[in-house]
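Student: Quick mapping for you: the protein sequence lines, in order, are chains X, E, C and Z.
Counting from 1, position 90 in the first sequence corresponds to residue 90 in the UniProt record's numbering; the numbering is continuous, with no gaps.
Counting from 1, position 64 in the second sequence corresponds to residue 64 in the UniProt record's numbering; the numbering is continuous, with no gaps.
Counting from 1, position 271 in the third sequence corresponds to residue 271 in the UniProt record's numbering; the numbering is continuous, with no gaps.
Counting from 1, position 78 in the fourth sequence corresponds to residue 78 in the UniProt record's numbering; the numbering is continuous, with no gaps.
Ideal placement from N, C-alpha and C gives every residue a C-beta, glycine not left out.
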Amino acid sequence: MNEASRSNLPPLQLHVPEPKFRPGDAVDYSHLVIPAAGAQARPDESCGASETHPLCLDLVRVLGEDHRAVGPWDPKLDPESLRRMLRLMALTRAFDDRMYRGQRQGKTSFYMKCTGEEATSIAPAMALASDDMVFPSYRQQGILIARGYPMVDMINQIYSNKADKLKGRQLPIMYSAREASFFSISGNLATQYPQAVGWAMASAIKGDTRIAAAWLGEGSTAEGDFHSAMTFAAVYNAPVVFNVVNNQWAISSFSGFAGAERTTFAARAIGYGIAGLRVDGNDPLAVYAATRWAANRARANGGPTLIEHFTYRAEGHSTSDDPGQYRSVQERTEWPLGDPIARLAAHLEALGEWTPEAHAAMDLELAEQVKAAAKAAEANGVLGHGLHHPFRTLFEDVFEELPWHLKEQSEQAIRERRIKWPEWKEEDS
Amino acid sequence: MNEASRSNLPPLQLHVPEPKFRPGDAVDYSHLVIPAAGAQARPDESCGASETHPLCLDLVRVLGEDHRAVGPWDPKLDPESLRRMLRLMALTRAFDDRMYRGQRQGKTSFYMKCTGEEATSIAPAMALASDDMVFPSYRQQGILIARGYPMVDMINQIYSNKADKLKGRQLPIMYSAREASFFSISGNLATQYPQAVGWAMASAIKGDTRIAAAWLGEGSTAEGDFHSAMTFAAVYNAPVVFNVVNNQWAISSFSGFAGAERTTFAARAIGYGIAGLRVDGNDPLAVYAATRWAANRARANGGPTLIEHFTYRAEGHSTSDDPGQYRSVQERTEWPLGDPIARLAAHLEALGEWTPEAHAAMDLELAEQVKAAAKAAEANGVLGHGLHHPFRTLFEDVFEELPWHLKEQSEQAIRERRIKWPEWKEEDS
Amino acid sequence: MSETASMKKLNMIEAINDALDVMMARDSNIVVMGEDVGYFGGVFRATAGLQKKYGRTRVFDTPISECGIIGVAVGMGAYGLRPVPEIQFADYIYPGLDQLVSEAARLRYRSAGEFTAPITVRSPFGGGIFGGQTHSQSPEALFTHVSGIKTVIPATPHDAKGLLIAAIEDNDPVIFFEPKRIYNGPFNGYYDKPVEPWSRHKDGAVPEGYYRIPLGKARVVREGEAMTVLAYGTMVHVAEAVLAEKGVDAEIIDLRTLVPLDIETIKASIEKTGKCMIVHEATRTGGFGAELSALVQERCFYHLEAPIERVTGFDTPYPHSLEWAYFPGPVRIGEAVDRLLKA
Amino acid sequence: MSETASMKKLNMIEAINDALDVMMARDSNIVVMGEDVGYFGGVFRATAGLQKKYGRTRVFDTPISECGIIGVAVGMGAYGLRPVPEIQFADYIYPGLDQLVSEAARLRYRSAGEFTAPITVRSPFGGGIFGGQTHSQSPEALFTHVSGIKTVIPATPHDAKGLLIAAIEDNDPVIFFEPKRIYNGPFNGYYDKPVEPWSRHKDGAVPEGYYRIPLGKARVVREGEAMTVLAYGTMVHVAEAVLAEKGVDAEIIDLRTLVPLDIETIKASIEKTGKCMIVHEATRTGGFGAELSALVQERCFYHLEAPIERVTGFDTPYPHSLEWAYFPGPVRIGEAVDRLLKA
Ligand SMILES: Cc1ncc(C[n+]2csc(CCOP(=O)(O)OP(=O)(O)O)c2C)c(N)n1
Ligand SMILES: Cc1ncc(C[n+]2csc(CCOP(=O)(O)OP(=O)(O)O)c2C)c(N)n1
Ligand SMILES: [Mg+2]
Ligand SMILES: [Mg+2]
């Protein structure tokens, strides 16, 4: 190209993504193409990865407008299992509601709900084996609930109290539950992704049968760790299921800042030549079916699958933000893929296996269950009210053994406590 | 899945890639599908990114078996330009040969050739505007040569001598040449990729018309920086051309360790929803045409393109390794896509615009040209023989101005020199 | 610095916002970017209103990739812009460390001045807000060890604005750590008592418009004879409160810039007082206090009347529930003061 | 450590290879991985022969992603393996820093012991091989500041093997920096003279089979009265040569492990000698020497007869042609020794 001809060129322009709706805007979702439930092909679990690639640009859906389960992805769960799924999702929501209020009441510093996204943890937890290792982000509390992890222990962690199994060290909701095959949650986004691959590789090295599954938000796919994970999983054919929970928001930034204007997040799978699926994340049956497909494939040495769960973050990012500042409140109410709990309840009703009365009774019962757990946990203390782990525990677990400098610092901390509260006795806390 | 059924499951297995051939193996490339030249469609430069995606799994080729240029990607260069292209590639090779020998003779510490890959820098350099900013890896010396950067300056850098514009600070071949719109090369792989995006974004913010182009090896695509670059470029529609030089080897590791067993590197573009092309990197006309396509697209605010150049690293990774230790020597001789210089020469001959005699004469002339430049550079010193930049320059450019601690350290360095060589005078060096 | 300009009362967030506003108006090459900094104006609101004022191509949200944020900033700097990226929390800077340490900090040197990285990376740091181990860290020592990067930490709204302007104008990469604990008011270490807002503190008075506080110059917060206290960020205020309470005639130096360090001011003070206490919130081992201690004993050895005291965070992650046990608060500082007084 | 075992002469690479071999044979949970470590056996040949012996699923090449290498190692550690990843050059560890600092180092703490990261990251470090600024760095101080990670640096083949075995057996993450300048022989700092091979050095004698050198224990290289020298890696040998040449009766301590540090040995020595010189190749400001200096003056203040001397690399990137001007060689060390002797 000739320098002289430059003057004829149009100036370059920076494209900066902007979401369709901002506070005050009326919401119109007519641009969203939502394929009919049941219309997506289901390739064999042992297929070549490229057979799944059309599904990366599609949307696997099972529950139709008439609340019936249709098509090849219908997992054909019995009513018992469906009711269990419904109950677990509702329990998760009840838990979130109470904990959110707990934070507002000053019982802890922070909380994060998963409202509207319950299907993306409950359904996978049911589709995986209970000892498959999960590497969650901070929004998969549903997995612990589905795996029967004691709710009181969850709340102890949230209250950072003296019974907190993590000794008050972690921000609320950053659980760790080895007994539930639930990996320690990190505050640093996306780091769990390569770790899940490493765990899966280890399982394969050992000839084990357990697979790994990892979760992160669509915003977090931009981190380098995501790419490392995909690359390693593709190279070593690691038995891992990658879940991208595309709830369309990352704090105040919409999914366009992670690349959603260009293609789907499931399409990343095409770029690495691994299997990928894009599912209606508010359709618990589709999520269940996709997870089972990917888990079976991984367990048969078919390698990794990336699943994008297309859903919507119905509430704020955390207790620290107010979504009304950056998005239209109508987004939630107009969201065309509905609510996973409502959709599953309607399906069960359509099957004649559920009633609104049963639902109301369940909600009451679950609220009571959570309340009881919260009360039990509160007996162990809430944040900032003195019932925490002993001071010396501050220095434990930095290393397996306390080196001299931490011993000295531990003594310092105890001394400081004595100076500040002369009446304090070491046994107290 | 039921825990009890576990015992029936096959053990998981770790797949560890292994190249087809190792030292001593006979090489058989019959598994390689090489499409016919001219058979690839050329979508309009303003097309939707997805129109290019079939090309990501194909191979754009222009030069046919009969050495004629065919098909829609034929850039229709005049014989003058073709001869210039040929000469620049041959000059690059002559330069490499001499510098390699220079290192072996102890004139410097390190060298890296680009033998067999000359087309991937010469052709893009010709297709880009001369003030488009390039962000190369260490194997694009051809760009400097194509842009007419003084060869003596290149060699001064390689010899780290007193005329080295980089003041002897950088490892040989880690050039920087602002006047040639050639960005400072980093020893850290892939870091230039997001930088190129940033430069391109800046150009777009300013309404400039200059675009950026970046290069890296297929092995380096595994770094997180690659992913950051692709994500940012996709999000902001940055005017940048990404080149992945797939020479199939990363030191001793074959491209399978970067994911090549699964899909192409061009396919990464599909994952981000940006334009992608896969070209025969040993076909200089295909490389030229692809670059021009991508540059025109970027300049018209059409956004980024990822180009995979499928080529072969004909020699060792650097002067520090011996490829005979990890791959079959036959790989090079059997490589079905030939040599870019030989192919372009044959094309010119087929056009009646070149002869073997002209080629031999050119080679002699270029060898003399390089020899003269090397001699001129040697007059400024070679590594480790005292003709280096003054000691105080060691402390300059850490910051714009010398802070007190570097002033003190600079005095220390001068004092040390006086102690070691009492006869030394500061003016000397 | 023009103290004659009319003043307004700002908290530290507002002062930072004001610095960005002043600079963006003066220099069209300045761009602000980071996670949530655009439309929303940052999780701490430091960039509020700027996108509206300067447009989406100068103030914008980014993908969640610290590597990408710093990497593109380096490229923009090479083009000729002056990017001011934000890293949402200092705890999340590690994915961008390679681009900072190997690229931004090295670019001028390795290209012999052909390319530079005039970028200012802003990031809230430090604890005391129950942020747990990934919203509380003080990683300044990872940067002070890297040649080619400047490290700046303000302790007041007044300084935050003047230093940020100087940092943005500086032609070298600067890491600008903002002590988030004192965004709203100076914290005296007594976490169980209410915090005084900046509007009631003298250093909450911030000149309007443009002014700079030169990098590399410390601020003597208070002159004194009994001992020298070296601190920065939040800890300046905590130390000040403890010493006032104890009635110690200490000379308190707010370093403001860690690299390049104002060694002259430090040296002069210690030659006068003969005693030195260093206070920082970061973990102890290998913290910037170690460098300060080494420098002081190298340069003032024969003036020192007592061992230099380092008062620091412990060598543990920043815990959630026991955050005040980790924090180098009044009791820890008080003990060190007493030791120095007794020596 | 069983010194009765039969000995063989090995250079440091061979000793490291031997340690890996011994451990892989003993523990099937040990896996070795990294760029070019598999078939080829590593760019420095440290893993040569291991893939052939232990198979491709226990010794394998990786993608070029330091983030991925450390990240998958953390996951493997959580499963129950003991990964020994290699980072090809310490200069390239930054892309993996987040996984090391925020993950490996924090995992035991944040999970209250439920998950651990028993990984040993090996990486060649240091200069003196004309590697330029990206094949010469000594970034140990970035790790010693991070709680939860141990930093180990051997100075001899004998120690390299014993320390690497101890590091692999350790249940905490260890960063194991190998001074590449002395892979083939101890370097005395006189770069213009031929290097003595390890086969002619007493510490090139390495016991066969399994033995450990406990982490956290320094080695007194030479007892003496005139001053204490604290060093590690290559600089142990350079300091030793300079002091021998000058005929100074110094006590030389090879730290071996920086965290946890053998403070007892250091303290006892300085209480005896009253003088201290610290030598490292890393840039000066905020280097590990600063921490050593701070600790020594805190604990031995009243024994110190002279300012502690830090002899270090300069606060610049590691240059290519002027590498010996950067290197803290005999002249720089010699000046510091003279100052200490005179004090
Ligand atoms: C490395 C890192 N950078 C930034 C943050 C701050 N941060 C916490 S959550 C969040 C948004 C994540 O969005 P997404 O991945 O979509 O998950 P979602 O919250 O929607 O579930 C950000 C930016 C962080 N925790 N870690
Ligand atoms: C961050 C980083 N990691 C590792 C290295 C060491 N290294 C230098 S070149 C190279 C191989 C690169 O291969 P590829 O990207 O395919 O480029 P090629 O050499 O084939 O052109 C490696 C691993 C490095 N320079 N930087
Ligand atoms: Mg999200
Ligand atoms: Mg390559």
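Exposed or buried, what is residue 430(X) when buried is set at 16 or more other beta-carbons lying within 10 Å of its beta-carbon?
Tutor: One cannot answer for residue 430(X) here, as it falls past the ends of chain X, which runs 1 to 429.
Student: Can you list, in chain order, the residues of its chain whose CB lies under 6 angstroms from that of LEU100(C), leaving out five sequence neighbours each side?
Tutor: Position 100 of the third sequence, counted from the first residue, corresponds to residue 100(C). Taken in chain order, the residues that qualify are ILE70.
Student: Figure out for me which residue from TYR191(C), LYS193(C) and ILE168(C) has the closest Cα to the Cα of ARG82(C).
Tutor: Stepping through the third sequence from its first residue, residue 82(C) is reached at position 82. Comparing Cα-Cα distances from ARG82(C) to each of TYR191(C), LYS193(C) and ILE168(C), the minimum goes to ILE168(C).
Student: Under a CB-based cut-off of 7 angstroms, is TYR326(E) close to chain X?
Tutor: Taking the second sequence and counting its residues from 1, the one referred to as residue 326(E) is at position 326. No, TYR326(E) lies away from the interface with chain X (no Cβ there is under 7 angstroms from its Cβ).
Student: Along the chain, where does the beta strand (DSSP E) containing ALA215(E) start, and where does it finish?
Tutor: Within the second sequence, the letter at position 215 stands for residue 215(E). Reading the sequence as shown, one finds Trp at residue 215(E) and not Ala. From DSSP, the beta strand (DSSP E) with TRP215(E) extends over 212 to 217.
Student: Which same chain residues, not among the five before or five after residue 346(C), have their C-beta less than 7 angstroms away from its C-beta?
Tutor: No information on residue 346(C) is available, as it lies outside the stretch 1 to 343 that chain C covers here.
Student: Can the beta-carbon of LEU166(E) be found closer than 7 angstroms to that of ALA160(C)?
Tutor: In the second sequence, the residue the question calls residue 166(E) occupies position 166. In the third sequence, the residue the question calls residue 160(C) occupies position 160. Result no, Cβ atoms of LEU166(E) and ALA160(C) do not sit closer than 7 angstroms.
Student: Of the residues GLU245(Z), ALA78(Z), GLN133(Z) and GLU66(Z), which one's Cα is nearest the Cα of ASN188(Z)?
Tutor: Residue 188(Z) sits at position 188 when you count from the first residue of the fourth sequence. Closest in alpha carbon position to ASN188(Z), among GLU245(Z), ALA78(Z), GLN133(Z) and GLU66(Z), is GLU245(Z).
Student: Would you list, in chain order, the members of the region 242 to 275 of chain Z that have their beta-carbon closer than 7 angstroms to a beta-carbon of chain X?
Tutor: PRO260 and ILE263
Student: Among SER109(X), GLN170(X), PRO11(X) and SER228(X), which has the Cα closest to the Cα of ASP397(X)?
Tutor: Counting from 1 along the first sequence, the entry for residue 397(X) is found at position 397. Taking only the C-alpha atoms, the option nearest ASP397(X) is GLN170(X).
Student: Helix, strand or coil for CYS114(X)? Go by DSSP, reduced to three states.
Tutor: Indexing the first sequence from 1 puts residue 114(X) at position 114. If DSSP states are grouped into helix, strand and coil, CYS114(X) belongs with coil.
Student: Look up ASN156(X) in the DSSP assignment and say whether it is helix, strand or coil.
Tutor: Residue mapping note: residue 156(X) aligns to position 156 of the first sequence, counting from 1. In this structure, ASN156(X) counts as helix in the three-state DSSP scheme.
Student: Any chance you could list the alpha helix (DSSP H) runs of at least 4 consecutive residues sitting entirely within the region 244 to 309 of chain Z, in chain order?
Tutor: 263 to 273 and 288 to 300
Student: Listed in chain order, which residues of the region 276 to 302 of chain X have Cβ atoms closer than 9 angstroms to some Cβ of chain Z?
Tutor: none
Student: Pair every Cβ in the region 322 to 335 of chain E with every Cβ in the region 32 to 51 of chain X, then say whether three or more of these pairs are closer than 8 angstroms.
Tutor: no
Student: Might you give, ordered along the chain, the residues of its own chain that have their beta carbon closer than 6 angstroms to the beta carbon of ALA4(X), omitting 5 neighbours on each side?
Tutor: Residue numbering aside, residue 4(X) sits at position 4 when the first sequence is read from its first letter. In this predicted model, ALA4(X) has a pLDDT of only 48, less than 50, meaning its place in the structure is not dependable enough to derive any value.
Student: At which residues does the beta strand (DSSP E) containing GLU308(E) begin and terminate?
Tutor: One-based indexing of the second sequence puts residue 308(E) at position 308. First-last of the beta strand (DSSP E) with GLU308(E): 305 to 310.
Student: Please work out which residues of its chain come closer than 7 angstroms, Cβ to Cβ, to LEU32(E), disregarding the five sequence neighbours upstream and downstream, and give them in chain order.
Tutor: On the second sequence, position 32 is the one that residue 32(E) refers to. These residues qualify, in order along the chain: PRO336.
Student: Considering only residues of the region 131 to 157 of chain Z, which uninterrupted alpha helix (DSSP H) runs meet the minimum length of 4 residues and lie entirely inside it, listed in chain order?
Tutor: 140 to 144
Student: Using 8 angstroms as the cut-off, can you tell me whether the region 299 to 310 of chain E makes contact with the region 20 to 38 of chain X, which would need three or more C-beta pairs spanning the two stretches below that distance?
Tutor: no
Student: With distances taken Cα to Cα, identify the nearest neighbour of PHE44(Z) among TYR183(Z), GLY289(Z) and LYS267(Z).
Tutor: Sequence index remark: in the fourth sequence, residue 44(Z) carries index 44 (1-based). The candidate whose alpha carbon is nearest that of PHE44(Z) is TYR183(Z).
Student: How about THR92(E) and ILE145(E): are their beta carbons less than 7 angstroms apart?
Tutor: To locate residue 92(E), count along the second sequence from 1; it is residue 92. To locate residue 145(E), count along the second sequence from 1; it is residue 145. Yes; because the gap between Cβ atoms is below 7 angstroms, this pair is in contact.
Student: Please say whether ILE185(X) and TYR236(X) have beta carbons closer to each other than 7 angstroms?
Tutor: Locating residue 236(X) in the first sequence gives position 236, counting from the first residue. Locating residue 185(X) in the first sequence gives position 185, counting from the first residue. The answer is no: Cβ separation not under 7 angstroms.
Student: Compare the C-beta of PHE254(X) against all C-beta atoms of chain Z and say whether one is closer than 7 angstroms.
Tutor: In the first sequence, counting from the first residue as 1, residue 254(X) sits at position 254. Judged by the 7 angstroms Cβ criterion, PHE254(X) is not in contact with chain Z.
Student: Alpha carbons only, please: which of HIS388(X), ALA350(X), THR319(X) and THR209(X) is nearest the one belonging to GLN105(X)?
Tutor: Residue mapping note: residue 105(X) aligns to position 105 of the first sequence, counting from 1. Measuring from the Cα of GLN105(X), the nearest candidate turns out to be THR319(X).
Student: Tell me whether GLY303(X), by its Cβ, gets closer than 6 angstroms to a heavy atom of ligand 3.
Tutor: Here residue 303(X) refers to the residue found at position 303 when the first sequence is read from its first residue. Flag unset: Cβ of GLY303(X) not near ligand 3.
Student: ARG297(X) and THR305(X) - do their beta-carbons sit closer together than 7 angstroms?
Tutor: Here residue 305(X) is taken as the residue at index 305 of the first sequence, counted from 1. Here residue 297(X) is taken as the residue at index 297 of the first sequence, counted from 1. It is a contact, given that the beta carbons lie within the stated cut-off.
Student: Interface residues of chain Z around VAL235(X) at Cβ under 7 angstroms?
Tutor: What you label residue 235(X) is simply residue 235 of the first sequence in a count that begins at 1. For a Cβ distance threshold of 7 angstroms, residue set PRO63 of chain Z lies close to VAL235(X), ordered along the chain.
Student: Looking only at its own chain, which residues have a Cβ that is under 6 angstroms from the Cβ of VAL37(Z), when we skip the five neighbours before and after it?
Tutor: Your numbering for residue 37(Z) matches position 37 in the fourth sequence. Hits under 6 angstroms: THR47 and GLU86.
Student: Note down, in chain order, every chain X residue with its Cβ under 8 angstroms from the Cβ of TYR79(Z).
Tutor: As a working note, residue 79(Z) is residue 79 in the fourth sequence. Contact note: TYR79(Z) reaches chain X through MET133, GLY198, TRP199, ALA202, SER203 and LYS206, using a C-beta cutoff of 8 angstroms and chain order.
Student: Could you run through the region 174 to 186 of chain C and flag, in chain order, every residue whose CB is less than 9 angstroms away from some CB of chain Z?
Tutor: none
Student: Does residue 344(Z) come within less than 7 angstroms of chain E when only Cβ atoms are used?
Tutor: Any question about residue 344(Z) goes unanswered here, given that chain Z covers just 1 to 343.
Student: Would you identify the three-state DSSP class for SER255(E), choosing helix, strand or coil?
Tutor: Position 255 of the second sequence, counted from the first residue, corresponds to residue 255(E). Reduced to three states, the DSSP call for SER255(E) is helix.
Student: Using the C-alpha atoms, what's the distance from GLU179(E) back to ASP131(E)?
Tutor: For this step, residue 131(E) is matched to residue 131 along the second sequence. For this step, residue 179(E) is matched to residue 179 along the second sequence. Their backbone Cα atoms lie some 9 angstroms apart in a straight line.
Student: Compare the C-beta of GLY316(E) against all C-beta atoms of chain Z and say whether one is closer than 7 angstroms.
Tutor: Residue mapping note: residue 316(E) aligns to position 316 of the second sequence, counting from 1. Not closer than 7 angstroms to any Cβ of chain Z, the Cβ of GLY316(E) fails to qualify, so no.
Student: Taking 8 angstroms as the threshold, find out whether the region 50 to 57 of chain Z comes into contact with the region 247 to 264 of chain E through three or more Cβ pairs.
Tutor: The region 50 to 57 of chain Z is not in contact with the region 247 to 264 of chain E.
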